[in-house]
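One structure is given below, encoded as structure tokens.
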Amino acid sequence: MKTRTVRTSTGFFPVAGMPRDGVMAIRTSKCLCYVGLELARQINETICIGLGFPLCFDYKYVGRKPVFLDVYLPDNNDLLAVKRPMIIYFHGGSLTIGNRQSWFPTWLHEHLSNQGLILVSADYRLIPPSSGHDLVEDTQDIFRFVATSLNDRLDEIYLNEAALPTRNPFRVDPEAIGVSGTSAGSLGAYLACMHAEPKPKVVFSMYRMGGDLLIPQYLMPKFEPFLRGREILDPQQFQTFLYPQSSRLEPISDSPRSYHPPDHDTPGYPSNPHMLLGRLFLQLGTYLDYYTRQHEPSLSNSLCSLLTAASRPITGSIPEEHRRLFPQLGVPPSWPPTCLVHGSSDTAVLPGESHYLHSLLKAANVDVVLWEVPGAEHSFDYNPPVEGVSYEKLFDDIVDFLISHVIENILYPGACRTDEGAMDL
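Under the UniProt record's numbering, the first residue of the sequence shown carries the number 1, and numbering increases by one thereafter.
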């Protein structure tokens with residue numbers, strides 16, 4: 001293992017060179033990032049990484065741009081087993097905004113880490129100009145990377161003590177991978193259940209989007225506030241992101257949240273327009289056009305014209321090439337055990353989506369639970385609960401569900417497979 005020195009705004013520091021892949025290790029304030037040499041030269045900050053920080057890897061390239069995922073290893077150095085189960089997490093943001101650190105589920109990370117599980121949080125391409133078809137490809141690439149390449153990349157790191165603080169050399173058990181997501185990220189989790197290899201052993205979704213995409217929330221234009229009382233947007237202010245101009249945008253997989261400062265005319269209002277695109281597409285009733293990338297003719301318009309309150313005749317009108325993007329059309333008996341959690345007062349992703357998917361999974365004899373949180377709005381787990389209410393039991397139950405299914409015949413929390421496949425501590 002060679003070590004190179006990189007000059008940054010804070011001076012010179014050693015990084016671990018990995019000649020085989022042309023990769024270097026960069027310490028930043030967010031993570032320890034293993035990236036290509038050109039990208040490494042662009043890093044401008046460094047601090048000593050401590051436990052709890054993720055390891056960042058590029059799991060694919062789109063053109064010349066890397067797409068990243070973060071790996072959170074267990075903080076528990078008392079665990080003896082090397083191979084650990086893993087949960088892959090997809091962030092929320094309407095598929096239009098965010099990155100692997102946006103709306104990060106700290107509670108999930110802490111609970112999984114305490115139980116000895118690895119958590120992966122991944123970037124994926126955002127709409128527009130990308131589409132659900134690109135999301136399918138990204139989910140497949142994420143699962144392929146963690147199952148076939150991540151352990152080799154971790155081994156390279158463990159050989160270089162200067163690159164990583166002392167901790168057990170945990171690796172991934174490719175036979176014990178689950179998937180999770182919040183809000184729109186749940187759609188990525190569902191698509192992984194349908195298309196990724198290896199198949200996830202369990203899926204957990206929080207106030208999930210994608211349980212039922214063929215409802216007025218996605219298909220009908222809206223002229224009055226419909227989401228948490230927020231104002232109706234002016235489409236003229238978003239022409240760059242509306243078709244046909246949107247088709248000329250460069251693909252992105254990282255669009256962080258940002259807000260106007262206190263001295264702005266609209267302090268605290270989103271300054272990144274991507275933050276408003278999901279609401280805009282729902283308002284216009286054209287979300288599925290961008291999700292499928294079918295604008296001419298408009299898929300949303302054709303489906304909306306068939307939508308009635310009394311029947312659901314529209315599933316047969318979805319073009320064959322897009323049917324793989326609709327989880328409600330692809331629920332086989334082999335679907336993994338599923339935990340659904342939803343707030344009963346959610347106005348962003350309606351609770352009916354979870355109820356509908358729950359009924360489909362039950363009909364397919366899938367092991368599924370639906371836990372509804374009374375009075376809770378969207379993103380309730382990121383806000384303090386009302387006085388007298390605690391989410392701790394809910395969080396414990398969710399993690400217990402994940403652990404009980406991600407490893408068959410689990411003995412107790414912290415048990416996992418050895419290289420021989422037996423259970424160990």
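Note that beta-carbon positions come from the ideal geometry of N, C-alpha and C, so glycine has one too.
Bear in mind that the values here come from a model prediction, so they are computed numbers and not experimental data.
When THR292, TRP335, PRO270 and CYS339 are compared, the shortest CA-CA separation from GLU320 is found for THR292. The C-alpha of ARG125 lies about 19 Å from the C-alpha of PRO327. DSSP places TRP103 in no alpha helix (DSSP H); its state is neither H nor E.
In this structure, the straight-line span from the alpha carbon of VAL406 to that of TYR269 is close to 40 Å. TYR356 and LEU213 have their alpha carbons spaced roughly 10 Å apart. Spatial neighbours of MET206 in its own chain (CB-CB distance under 6 Å, excluding positions within 5 residues in sequence) are listed in chain order as THR182 and VAL341. Assigned with DSSP and collapsed to three states, ILE118 falls in strand.
Secondary structure at SER298: coil, using DSSP grouped into helix, strand and coil. When DSSP states are grouped into helix, strand and coil, ILE142 belongs to the helix group.
Look at the stretch 188-243 and you find these whole runs of beta strand (DSSP E), each 3 residues long or longer: 203-206. Contact check between the stretch 245-255 and the stretch 385-405: fewer than three CB pairs, one atom from each, fall below 8 Å, which does not count as touching. Inclusion of PHE204 and SER180 in the CB contact set at 7 Å is warranted, their separation being smaller than that value.
For PRO262, the closest C-alpha among the options SER271, LEU227 and SER255 is that of SER271. For ILE157, the enclosing alpha helix (DSSP H) has its first and last residue at 150-158. Put simply, the stretch 187-196 does not touch the stretch 216-231. Fewer than three CB pairs are less than 8 Å apart.
With 16 or more other CB atoms across the displayed protein chains lying within 10 angstroms of its CB, TYR59 is buried. When the Cα atoms are used, SER334 and ILE127 turn out to be separated by approximately 29 Å. The beta-carbon distance between HIS274 and THR266, rounded to whole angstroms, is 17 Å. This is too long to meet the 8 Å contact definition. Within the stretch 369-411, the complete alpha helix (DSSP H) segments at least 4 residues long are 392-406, listed from N- to C-terminus. Put simply, the backbone Cα of GLU377 is about 35 Å away from that of PRO174.
The criterion of a C-beta distance shorter than 7 Å is satisfied by ARG208 and SER354.
About 22 Å separates the beta carbons of HIS111 and ASN99, which is beyond the 8 Å limit, so they are not a contact pair.
Annotation: TYR269 is outside any beta strand (DSSP E) and is labelled neither H nor E by DSSP. Close CB contacts of PRO74 within its chain, under the 7 Å cut and outside five residues either way in sequence, are with ARG84, SER113, GLY116, LEU117, ILE118 and PHE170 (chain order). For LEU69, the enclosing beta strand (DSSP E) has its first and last residue at 65-72. For ALA363, the enclosing alpha helix (DSSP H) covers residues 351-363. The C-beta of LEU159 has fewer than 16 other C-beta atoms within 10 Å across all chains shown, which makes the residue exposed.
Listed as beta-bridge partners of SER180 by DSSP are TYR89 and PHE204. For TYR61, the uninterrupted beta strand (DSSP E) segment begins and ends at 55-62. Spatial neighbours of ILE142 in its own chain (CB-CB distance under 7 Å, excluding positions within 5 residues in sequence) are listed in chain order as TYR59, LEU69, ILE88 and ALA122.
In this chain, the beta strand (DSSP E) harbouring THR338 covers 338-343.
For GLY330, DSSP assigns no beta-bridge partner whatsoever. The alpha-carbon of LEU402 is positioned some 39 Å away from that of LEU233.
In this structure, DSSP gives GLU320 a helical state, which the three-state scheme calls helix. According to the DSSP secondary-structure assignment, GLY98 is paired through a beta bridge with SER255. The beta carbon of VAL368 sits closer than 8 Å to the beta carbons of PRO337, THR338, CYS339, LEU340, HIS358, LEU361 and LYS362 from its chain, once the five residues preceding and following it are set aside; these are given in chain order.
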